[in-house]
Amino acid sequence: MNRDKIELRERRHLRVRKKVTGTQERPRLTVYKSLNHMYAQIIDDTVGRTLVSASTLEKEMRQSASHKGNVKSASLIGDIIAKRAKDKGIQKVVFDKGGFKYHGRVEAVARAAREAGLEF
């Protein structure tokens, strides 16, 4: 059953990726969540390069939160990714939820990034 869920998520993600692409002016903010960690990247799909990334595996995140797989940590990831994007001059992004439901941790990343100044 678990493998079926993963395959369905991957199929949803491919369906979304047909429609959502990142450009140099408006790169793609993609989110991935595992059971214990959260990852976010801003990607320019025209050249296939990651411009900015943040995850709960980073040193500053390891010190700040005890458990990395919750909504609080996801909000911190959203703040960090937005600040790093602003430093690189990125104001607008396209949000790619990665086949996950827009709920819980995925929503927390998006909401925190919006509050920190990124435009979706």
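For what it's worth, the numbering used here labels the leading residue of the sequence shown as 2, then goes sequentially. Beta carbons are placed, not taken as given, at the ideal position from N, Cα and C, and that holds for glycine.
**Cα-Cα separation, Thr1 to Lys93** = The first residue shown for the chain is 2 and the last is 121, placing residue 1 beyond what the model contains.
**Prompt:** What number of angstroms, rounded off, separates the C-alpha of Val21 from the C-alpha of Ala117?
**Reply:** 22 Å
**Closest by C-alpha distance to Tyr33, when choosing among Leu9, Asp97, Glu120** = Asp97
**Prompt:** If you follow the alpha helix (DSSP H) that Ile91 is part of, which residue opens it and which one closes it?
**Reply:** It is not in any alpha helix (DSSP H) - Ile91 carries neither H nor E in the DSSP assignment.
**Distance CB(His14)-CB(Gly100) smaller than 7 Å** = yes
**Asked** What three-state label does DSSP hand Lys34 in the structure shown?
**Response** strand
**Asked** If you check the beta carbons only, do Arg27 and Ile44 fall under 7 Å apart?
**Response** no
**Item:** Whole-angstrom distance between Gly79 and Arg50, CA atom to CA atom
**Value:** 20 Å
**Item:** Pick from Val110, Arg10, Ala86 that is closest to Leu77, judged by C-alpha positions
**Value:** Val110
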